[in-house]
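**Student:**
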Amino acid sequence: MTTSSPGWGILAPGGIAGAFARDLAVGGHRLVAVGSRDQGRAEAFATTHGATTAHGSYEALVADPDVDVIYVASPHGLHREHALLAIEAGKHVLVEKAFTTTGDEAQEVVDAARAKGVFVMEAMWTRFLPTMVAVRERIAAGDLGELVSVTADHSQMLDLSPGSRMIEPALGGGALLDLGVYCVSLAHAFLGPVTQVRAAGAVDQAGVDHRGSAILTHEGGRQSTVTFSMETLGSNRASIAGTEGVIELDPAFYVWTGFTRRHASGDKETFVPETDGRGMQFQAVEVERCVAAGQLESPLMPLDETVAIMRVMDEITAQMRASA
Numbered sequence: 002m003t004t005s006s007p008g009w010g011i012l013a014p015g016g017i018a019g020a021f022a023r024d025l026a027v028g029g030h031r032l033v034a035v036g037s038r039d040q041g042r043a044e045a046f047a048t049t050h051g052a053t054t055a056h057g058s059y060e061a062l063v064a065d066p067d068v069d070v071i072y073v074a075s076p077h078g079l080h081r082e083h084a085l086l087a088i089e090a091g092k093h094v095l096v097e098k099a100f101t102t103t104g105d106e107a108q109e110v111v112d113a114a115r116a117k118g119v120f121v122m123e124a125m126w127t128r129f130l131p132t133m134v135a136v137r138e139r140i141a142a143g144d145l146g147e148l149v150s151v152t153a154d155h156s157q158m159l160d161l162s163p164g165s166r167m168i169e170p171a172l173g174g175g176a177l178l179d180l181g182v183y184c185v186s187l188a189h190a191f192l193g194p195v196t197q198v199r200a201a202g203a204v205d206q207a208g209v210d211h212r213g214s215a216i217l218t219h220e221g222g223r224q225s226t227v228t229f230s231m232e233t234l235g236s237n238r239a240s241i242a243g244t245e246g247v248i249e250l251d252p253a254f255y256v257w258t259g260f261t262r263r264h265a266s267g268d269k270e271t272f273v274p275e276t277d278g279r280g281m282q283f284q285a286v287e288v289e290r291c292v293a294a295g296q297l298e299s300p301l302m303p304l305d306e307t308v309a310i311m312r313v314m315d316e317i318t319a320q321m322r323a324s325a
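Going from the sequence shown to this note's numbering is simple: count from 1 and add 1.
1. Buried or exposed: THR244, going by 16 or more other Cβ atoms within 10 Å of its Cβ?
2. Using DSSP's beta-bridge definition, name the partner residues of ARG31.
3. If you draw a straight line from the C-alpha of ASP154 to the C-alpha of HIS80, how long is it?
4. CA-CA distance, PHE129 and GLN206?
5. May I ask you to verify whether the region 122-138 touches the region 220-235, counting CB pairs closer than 8 Å and requiring at least 3?
6. Tell me which residues share the same chain as LEU177 and place their Cβ nearer than 7 Å to its Cβ, disregarding the 5 neighbours each side in the sequence.
7. Are GLY10 and ALA43 close, meaning C-beta to C-beta below 8 Å?
8. Report all residues from its chain with a CB closer than 8 Å to the CB of PRO194; omit the five preceding and five following residues, and keep chain order.
9. Comparing C-alpha positions only, which one of ALA323, ASN237, ALA18, GLY15 sits nearest to ASP251?
10. Can you tell me whether GLY235 is helix, strand or coil according to DSSP?
11. For ASP305, count the other beta carbons within 10 Å of its own beta carbon; 16 or more makes it buried, fewer makes it exposed. Which is it?
12. By alpha-carbon positions, which one of LEU86, THR48, ARG137 ends up nearest to LEU148?
13. Starting from GLN224 and walking both ways along the beta strand (DSSP E), at which residues does that stretch end?
Now the structure itself:
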């Protein structure tokens with residue numbers, strides 16, 4: 002690293018990249034460079050977000066000696082290509098969720114990172130929020146007893162007009178990769194590996210899913226139910242239930258939100274967050290902590306778990322297409 006504080010580079014200055022850059026500033030992290038295929042777009046982003054250098058190509062970004070960590074913010078369909086580019090350049094990498102478009106692609110990126118000896122993590126920023134830290138603390142303390150089930154919905158009305166990346170197969174369009182991944186990841190985090198998938202959904206002629214649902218069976222017979230849609234509004238709630246209580250996450254469950262914990266005894270607790278920014282800075286904190294400690298993956302978002310989640314989503318996608 003060039004200094005004790007890692008230099009961040011952002012690959013592909015789109016909307017999510019802007020949100021991440023703002024939270025990097027909130028957290029006091031160093032954004033040193035941005036890379037785009039358009040020099041003017043890179044310069045505009047750098048001016049807005051205070052990056053030192055604007056590169057007119059991704060190759061120039063990953064070659065920048067002042068950049069220690071690359072945040073890959075391109076569309077899902079390009080994550081594999083861009084993650085491999087950064088890895089080959091010897092950079093640590095944070096890849097926007099969904100990590101890739103398939104489990105095989107995810108495994109390829111993981112294998113490359115391990116062979117190169119660089120840190121890589123999926124940017125499932127929800128896992129690192131103070132909300133989820135508090136939820137994990139309650140569960141570890143036994144407040145819910147033995148975990149039994151998870152329910153989660155992520156449904157929004159997104160831009161589905163012609164030309165939108167959300168309906169473009171080559172860019173990884175679809176509700177599952179953009180929205181449903183939050184639900185599947187939440188269930189996997191608390192209930193563990195999935196042993197059976199039962200899914201159905203609405204898929205267009207190009208094979209892009211617009212909405213869907215799945216019942217997932219996890220090890221030990223525990224179950225989760227996930228629903229997702231990019232053409233309807235939903236509750237955007239989630240709950241984690243155990244033999245002695247339940248935690249109900251306020252909508253939207255995947256952001257820096259509050260929750261209510263209810264115990265079978267009648268005891269009730271309300272968690273109210275003290276937010277500062279959107280909350281994406283906490284994943285940057287985890288990246289920097291791991292890199293400083295010489296860890297090549299995060300114990301909160303292990304690479305093998307990222308691959309396993311992608312394979313579950315492969316199966317959900319296959320069943321949605323078969324049911325359409």
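Backbone N, C-alpha and C fix where the C-beta goes; we use that ideal spot for every residue, glycine too.
**Tutor:** Reading from the atomic positions:
1. By 1-based counting over the sequence shown, the position of residue 244 is 243. With fewer than 16 Cβ atoms within 10 Å of its Cβ, THR244 is classed as exposed.
2. As a first step, residue 31 must be located in the sequence shown, where it is residue number 30. Bridge partners of ARG31: GLY8.
3. Here the question's residue 154 lines up with position 153 in the sequence shown. Here the question's residue 80 lines up with position 79 in the sequence shown. The straight-line gap separating the alpha-carbon atoms of ASP154 and HIS80 is approximately 25 Å.
4. Here residue 129 refers to the residue found at position 128 of the sequence shown. Here residue 206 refers to the residue found at position 205 of the sequence shown. If I take the Cα positions, the gap works out to 37 Å.
5. Verdict: no, contact absent.
6. As a first step, residue 177 must be located in the sequence shown, where it is residue number 176. Closer than 7 Å at Cβ, skipping near neighbours: ASP210, GLY213, PHE229, MET314, ILE317, THR318.
7. Position 9 of the sequence shown, counting from 1, holds the residue named residue 10. Position 42 of the sequence shown, counting from 1, holds the residue named residue 43. No, Cβ-Cβ distance for GLY10 and ALA43 is not below 8 Å.
8. The count along the sequence shown starts at 1 and reaches residue 194 at position 193. Closer than 8 Å at Cβ, skipping near neighbours: HIS219, GLU220, ALA309.
9. In the sequence shown, counting from the first residue as 1, residue 251 sits at position 250. With distances taken between Cα atoms, ASP251 lies closest to ASN237.
10. As a first step, residue 235 must be located in the sequence shown, where it is residue number 234. In the three-state scheme derived from DSSP, where H, G and I count as helix and E and B as strand, GLY235 is classed as coil.
11. Stepping through the sequence shown from its first residue, residue 305 is reached at position 304. With fewer than 16 Cβ atoms within 10 Å of its Cβ, ASP305 is classed as exposed.
12. Along the sequence shown, read from residue 1 onward, the residue named residue 148 stands at position 147. Distances from the CA of LEU148 to each of LEU86, THR48, ARG137 were compared; the closest alpha carbon is that of ARG137.
13. Translated into the one-based positions of the sequence shown, residue 224 becomes position 223. Start and end: 224-230.
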